[in-house]
């Protein structure tokens, strides 16, 4: 590939960056979700603010605590007198997940020559979370301690199932390429690969609650506005990746067909909406429950995924040696 | 006159850069076919790559610390020994030179004549009042110098304890000697069985499990060198360049050289993957759970990744291994910072750190992130990414998981402790710059530095994984069926990132949202050590590594 082709690649990517899946579509969704969350917070009476601080109480802090301290700017990552440079750090909390989202191969997104893989995509999406952790660690007082502790616990509980679920999905596709992961098994696909594909897709769904910090793993929203937008984009990106394998069930089989060729395009929002609904249900059902118990459950889930991976590796080795 | 002064002041750096450029020229000359000017001298792409990495690392170090401590005679001698070892084909000579190299390194570790000091000594340097946790140093009894506390114990018991302490210090200084001994046995066995020269026609027949295990042992022992642990306790106001830390990657060469003899069997590869992946994961987890030891442990996780990559026995694996070596060098240079506040870190007291963080220079704080593995266009990320791709292409998905977890944990470690140490700004900036250049330019560096080595080692490699390079866009790893396993259009992604950054900046400026936000200092959140100790129950898998809260409290209270 030459430098000219690189320029062409950049030229072709603008609808992805500015309209869909990144850009306007992403920011509109993040705004809508934030509105819905704020509305929900206003309708639910806040619980006792210090409930989570009681000794022996392992309830996770809720978003109410964050709304109480929203006016304090003590957790902002903009700590420095060198405002221009520090603002670049703030800016990156939005830019990186935005780019991660824009590079996802969603149905009817503009085609670009070179795809990125899931590892790079997830790294771009995870960036605001790392910045949030870094900012909260430098915060002050017991509230900051509680925030960083809950977020770090959710992150550390979320990474292993997320990685293992991805590896199960990859075992079926043989590639980290996002487009390959989104491809549903066909009739000629071996039963083992098809089983691994759907197991991986389901495991990705189950790995989302700790990764997103919801329900029993609830984490408060960060104070800094840029971080909030960044985390919103990250959540959107993770849900979209989880929905990728399921799009194949509703999308039209012809990739090059016009968007409105049949009415099936109307069904495209179904997978992410269904996942969002499931996550909302999980959050409502497990809010305030023991995070430790769920952490142990996720450890068992990790062990099960590890066994699946070992089985997949064993069968692949046997097939190679046969 | 000024130029003379400049030359006199920077002659070491200039010499190092000239040598590095010379090694690059050698690599360029050997890219098509090995150079063999004399009977026992042979420079192929692998030895030229290792030479370039070594000299390039020293050159970067020279920029990072131009007025550093005098090199002495050991560092140039060790450099010369390694370069000769990589330029010869005689296996016993290689092993002998490594033995001499290990002897040079004895006593250069952190356990040598360095003692922990109390934080009272630290006070004038920082101007901060010690907090509760600063009252006394925390020295676990497992540290090599712990025996020194029995200095006043009288009688036979005291003498026995002093002897034990001296023995432990000696053992702690010897891991490289043990590695050299193992290499001597391994390469000695090769020579005894007919592979006196590794490029001999019948050399492949001499490679058996006995020789392999000892060579593998020689590669693993320096990675698991536990002397890194006490570094955190060292009160060392004057930063020191530890070139011998930089040279640790040299122990991978004898193992990689075995590909010149022939392909490895599955068991050998599996053992190498297991040891390399395990070492990498251990080092990354330990760096997260023990932030005070991060500087020593974080680079070692990439050395573990390099070992695992070499163990895959594929083109993609060797590429990942070689790239991880480059990442290791950069991270090691970053680790050369002032260690004036580590004792406070260990006790979890971050009061003074907060004041340090009130006005961080952004370039420094960005530098931390560029070295964390969290950003896709940096050397540590690309190193982990390459191994993930190579692992899946080679059918070892679990190694991919380990490598990925190492990258994520590196990012987390940077987020939690990245700016808690007082950095040597110059070293940090040089390392971060090198990381960004190496990351964005990964396709170009892989083509120039690594691809020739892969091509010349093809005889010993399997077809289960290769690297596909698009010079102007990025990299991809492909499997045996040439299906892309991972794709990272690093240059394209960097361009996208620039475009989006410019766009957001423009919008922020137009909206007037581009303003600074200064905040008052307050009491810090709980210390990192306490925080991680508190997570033992909430993150079950972390329990084995993080200290128990009771231990943490005892440390803080000094009981």
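Residue numbers (our numbering), protein chains in the order written: chain Y, 939 to 1260; chain W, 18 to 576. All C-beta atoms, glycine included, are put in the ideal place defined by N, C-alpha and C.
Verify the CB distance criterion: does residue 1061 of chain Y have a CB-CB separation below 8 Å to chain W?
In the first chain, the residue the question calls residue 1061 of chain Y occupies position 123. Closer than 8 Å: yes.
Within 8 Å of chain W by C-beta, residues of the stretch 1213-1237 of chain Y in sequence order
1229, 1230, 1233, 1234 and 1237
Hey, is the stretch 1133-1142 of chain Y in contact with the stretch 1068-1080 of chain Y, meaning 3+ C-beta pairs nearer than 8 Å?
no
Pull up the CB-CB distance for residue 301 of chain W and residue 423 of chain W, whole angstroms please, since I reckon it's below 8 Å.
Counted from its first residue, the second chain places residue 301 of chain W at position 284. Counted from its first residue, the second chain places residue 423 of chain W at position 406. Right, their Cβ atoms sit about 4 Å apart.
Tell me whether the stretch 310-319 of chain W and the stretch 271-289 of chain W touch, counting them as touching only if at least three CB pairs, one residue from each stretch, are closer than 8 Å.
no
Looking at chain W, which residues of the stretch 1084-1099 of chain Y have a Cβ within less than 8 Å of any of its Cβ atoms?
1086, 1087, 1090, 1091, 1093, 1094, 1095, 1097 and 1098
DSSP on residue 547 of chain W, reduced to helix/strand/coil?
Within the second chain, the letter at position 530 stands for residue 547 of chain W. Three-state result, residue 547 of chain W: helix.
Cα-Cα separation between residue 335 of chain W and residue 1169 of chain Y, rounded to whole angstroms:
In the second chain, counting from the first residue as 1, residue 335 of chain W sits at position 318. In the first chain, counting from the first residue as 1, residue 1169 of chain Y sits at position 231. Roughly 37 Å separates the two Cα atoms.
Can you pull the chain Y neighbours of residue 16 of chain W, defined as C-beta to C-beta under 7 Å?
No information on residue 16 of chain W is available, as it lies outside the stretch 18 to 576 that chain W covers here.
Taking DSSP's pairing of strands, which residues face residue 485 of chain W in a bridge?
Along the second chain, read from residue 1 onward, the residue named residue 485 of chain W stands at position 468. Residue 485 of chain W is bridged to W:493.
For residue 1245 of chain Y and residue 182 of chain W, the rounded distance between their alpha carbons
The residue given as residue 182 of chain W occupies position 165 in the second chain. The residue given as residue 1245 of chain Y occupies position 307 in the first chain. Between residue 182 of chain W and residue 1245 of chain Y, the C-alpha separation is close to 45 Å.
Between residue 510 of chain W and chain Y, is the shortest Cβ-Cβ distance under 8 Å, so that the two count as touching?
Reading the second chain from its first residue, position 493 is the one you call residue 510 of chain W. Interface residue, yes.
Taking buried to mean at least 16 other C-beta atoms within 10 Å of its own C-beta, is residue 1100 of chain Y buried or exposed?
Translated into positions along the first chain, residue 1100 of chain Y becomes position 162. Answer is buried; the Cβ neighbour count reaches 16.
Quick one: does residue 1112 of chain Y have its CB under 8 Å from some CB of chain B?
The structure shown has no chain B; the protein chains it does contain are Y and W.
Coil, strand or helix - residue 479 of chain W by DSSP
For the purposes of this step, residue 479 of chain W is taken as residue 462 along the second chain, with counting starting at 1. Note: residue 479 of chain W maps to strand in three-state DSSP.
Can you tell me where the alpha helix (DSSP H) with residue 55 of chain W in it begins and where it stops?
Along the second chain, one-based indexing puts residue 55 of chain W at 38. Element bounds for residue 55 of chain W: not the alpha helix (DSSP H) but the beta strand (DSSP E), 52-55.
For residue 1032 of chain Y, which residues in chain W fall below 7 Å Cβ to Cβ?
Taking the first chain and counting its residues from 1, the one referred to as residue 1032 of chain Y is at position 94. Within chain W, the residues 521 have their CB atoms less than 7 Å from the CB of residue 1032 of chain Y, given in chain order.
Roughly how far, in whole angstroms, is the beta-carbon of residue 321 of chain W from the beta-carbon of residue 240 of chain W, given that I think they are within contact range, below 8 Å?
Numbered from its first residue, the second chain carries residue 321 of chain W at position 304. Numbered from its first residue, the second chain carries residue 240 of chain W at position 223. About 6 Å separates the Cβ atoms of residue 321 of chain W and residue 240 of chain W, confirming a contact at the 8 Å cut-off.
Spatial distance of residue 1097 of chain Y from residue 558 of chain W (CA atoms)
As a first step, residue 1097 of chain Y must be located in the first chain, where it is residue number 159. As a first step, residue 558 of chain W must be located in the second chain, where it is residue number 541. Cα to Cα, residue 1097 of chain Y sits roughly 11 Å from residue 558 of chain W.
For residue 475 of chain W, count the other beta carbons within 10 Å of its own beta carbon; 16 or more makes it buried, fewer makes it exposed. Which is it?
Here the question's residue 475 of chain W lines up with position 458 in the second chain. Exposed: under 16 other Cβ atoms inside 10 Å.
Does residue 1007 of chain Y have its Cβ less than 8 Å from a Cβ in chain W?
For this step, residue 1007 of chain Y is matched to residue 69 along the first chain. Residue placement at residue 1007 of chain Y is poorly supported in this model, since its pLDDT is 42, which falls under 50; the coordinates still yield a value, given next. So, not an interface residue.
Inter-residue spacing [alpha-carbon to alpha-carbon] between residue 102 of chain W and residue 1062 of chain Y
By one-based count along the second chain, residue 102 of chain W stands at place 85. By one-based count along the first chain, residue 1062 of chain Y stands at place 124. So the two alpha carbons sit approximately 42 Å from each other.
Which residues in the same chain have their Cβ closer than 7 Å to the Cβ of residue 510 of chain W, if we skip the five residues on either side of it in sequence?
Taking the first residue of the second chain as position 1, residue 510 of chain W is located at position 493. Answer for residue 510 of chain W: 393 and 394, listed in chain order.
DSSP on residue 463 of chain W, reduced to helix/strand/coil?
Locating residue 463 of chain W in the second chain gives position 446, counting from the first residue. If DSSP states are grouped into helix, strand and coil, residue 463 of chain W belongs with the helices.
What number of angstroms, rounded off, separates the C-alpha of residue 208 of chain W from the C-alpha of residue 108 of chain W?
Stepping through the second chain from its first residue, residue 208 of chain W is reached at position 191. Stepping through the second chain from its first residue, residue 108 of chain W is reached at position 91. Residue 208 of chain W and residue 108 of chain W have their C-alpha atoms spaced approximately 6 Å apart.
State buried or exposed for residue 180 of chain W, treating a residue as buried only when at least 16 other CB atoms are found within 10 Å of its CB.
Here residue 180 of chain W corresponds to residue number 163 of the second chain, with the count starting at 1. By the neighbour-count rule (16 or more Cβ atoms within 10 Å), residue 180 of chain W is not buried but exposed.
Do residue 63 of chain W and residue 468 of chain W come within 8 Å of each other at the CB atom, strictly closer than that value?
Here residue 468 of chain W is taken as the residue at index 451 of the second chain, counted from 1. Here residue 63 of chain W is taken as the residue at index 46 of the second chain, counted from 1. Not in contact: residue 468 of chain W and residue 63 of chain W (Cβ atoms no closer than 8 Å).
Member of W:310, W:524, W:396 and W:228 whose CA lies at the smallest distance from the CA of residue 348 of chain W:
Counting from 1 along the second chain, the entry for residue 348 of chain W is found at position 331. Looking at the Cα atoms, W:396 is the closest of the given residues.
With respect to the alpha helix (DSSP H) encompassing residue 1253 of chain Y, which residues constitute its N-terminal and C-terminal limits?
Translated into positions along the first chain, residue 1253 of chain Y becomes position 315. Residue 1253 of chain Y -> alpha helix (DSSP H) spans 1229-1259.
Tell me, please, whether the stretch 1247-1260 of chain Y touches the stretch 49-67 of chain W by the rule of three or more beta-carbon pairs shorter than 8 Å.
Counting Cβ pairs under 8 Å, fewer than three are found: no touch.
Which same chain residues end up closer than 7 Å to residue 1176 of chain Y when comparing Cβ atoms and leaving out the 5 residues on each side of it in sequence?
Indexing the first chain from 1 puts residue 1176 of chain Y at position 238. The residues are 1063, 1146, 1149 and 1150.
Counting only runs that start and end within the stretch 1100-1188 of chain Y, where is the alpha helix (DSSP H) found for 4 or more residues in a row?
The stretch 1100-1188 of chain Y contains these whole alpha helix (DSSP H) runs: 1116-1120, 1129-1150 and 1163-1188.
Chain W partners of residue 1258 of chain Y, CB-CB under 8 Å?
Translated into positions along the first chain, residue 1258 of chain Y becomes position 320. Within 8 Å Cβ-Cβ: 412.
Name, in chain order, the residues that DSSP records as bridge partners for residue 1055 of chain Y.
Here residue 1055 of chain Y corresponds to residue number 117 of the first chain, with the count starting at 1. DSSP output for residue 1055 of chain Y lists Y:1115 as bridge partner(s).
Is residue 214 of chain W helix, strand or coil when you go by DSSP?
Here residue 214 of chain W refers to the residue found at position 197 of the second chain. If DSSP states are grouped into helix, strand and coil, residue 214 of chain W belongs with the strands.
Quick check: the Cα distance between residue 1081 of chain Y and residue 1065 of chain Y, rounded to an integer number of angstroms?
Taking the first chain and counting its residues from 1, one reaches residue 1081 of chain Y at position 143. Taking the first chain and counting its residues from 1, one reaches residue 1065 of chain Y at position 127. If you take the alpha carbons of residue 1081 of chain Y and residue 1065 of chain Y, they lie about 23 Å apart.
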